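Asker: Going left to right, the sequence shown walks through residues 64 to 173 as our numbering numbers them. Ideal placement from N, C-alpha and C gives every residue a C-beta, glycine not left out. Values in this document were obtained by computation on a predicted structure and should not be read as measured data. Take this structure, written in structure tokens, and hold onto it; I'll ask about it next.
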Amino acid sequence: MDALEKWLEFLVEPKSNTVRQLELSNEEIKLAKSELYRLSMDSNEREQYNMREKAIYDRISALENAEAKGKREGRLEVVKESLSQGLEISLISKITGLSEEEILKIKKDI
Numbered sequence: 064m065d066a067l068e069k070w071l072e073f074l075v076e077p078k079s080n081t082v083r084q085l086e087l088s089n090e091e092i093k094l095a096k097s098e099l100y101r102l103s104m105d106s107n108e109r110e111q112y113n114m115r116e117k118a119i120y121d122r123i124s125a126l127e128n129a130e131a132k133g134k135r136e137g138r139l140e141v142v143k144e145s146l147s148q149g150l151e152i153s154l155i156s157k158i159t160g161l162s163e164e165e166i167l168k169i170k171k172d173i
């Protein structure tokens, strides 16, 4: 089935088994079907859909922030331990990816 036939199938019968199969292998058709579904909702359904979508994005954002915080805390611990072991600041910088200025600031704070 060529691209034109796939799109014709989608336009003629978006709920067909063929279109369901196409969704698995064709990202554009999957997105188009999702958009068609969203557009066919009434205002209450659309509001609920938007709220669920926002909740998902909020959760993803929270997880990304937590991951970034964990990485920062991990680097901070590596810096503190490296300083306590007497490693040179230039080596600590290479290990952690932090600048020497950032490491000196951490050293001053501990």
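For Met114, report the span of its alpha helix (DSSP H) as first-last.
Answerer: Met114 -> alpha helix (DSSP H) spans Ser106 to Ser147.
Asker: Only counting the same chain, and skipping five residues up and downstream in sequence, which positions put a Cβ closer than 8 Å to that of Phe73?
Answerer: Closer than 8 Å at the Cβ level, and outside the excluded window around Phe73, lie Val82, Leu85, Ile92, Ala95 and Lys96.
Asker: State yes or no: is the C-beta of Leu139 within less than 9 Å of the C-beta of Ile158?
Answerer: Contact flag unset, no.
Asker: Rounded to the nearest angstrom, what separates Asn107 and Ala125 at their Cα positions?
Answerer: Spanning the two alpha carbons is a distance of roughly 27 Å.
Asker: Specify, as a first and last residue, the run of the alpha helix (DSSP H) that Lys78 falls within.
Answerer: Segment: none, Lys78 is in no alpha helix (DSSP H) and carries neither H nor E.
Asker: Assuming Ile173 contacts Lys143 (C-beta within less than 8 Å), just tell me the rounded distance between them.
Answerer: Yes, Ile173 and Lys143 are in contact; Cβ-Cβ is about 6 Å, under 8 Å.
Asker: Beta carbon of Leu147, beta carbon of Leu154: below 9 Å?
Answerer: Reading the sequence as shown, one finds Ser at residue 147 and not Leu. In this structure, Leu154 does not lie closer than 9 Å to Ser147 by Cβ.
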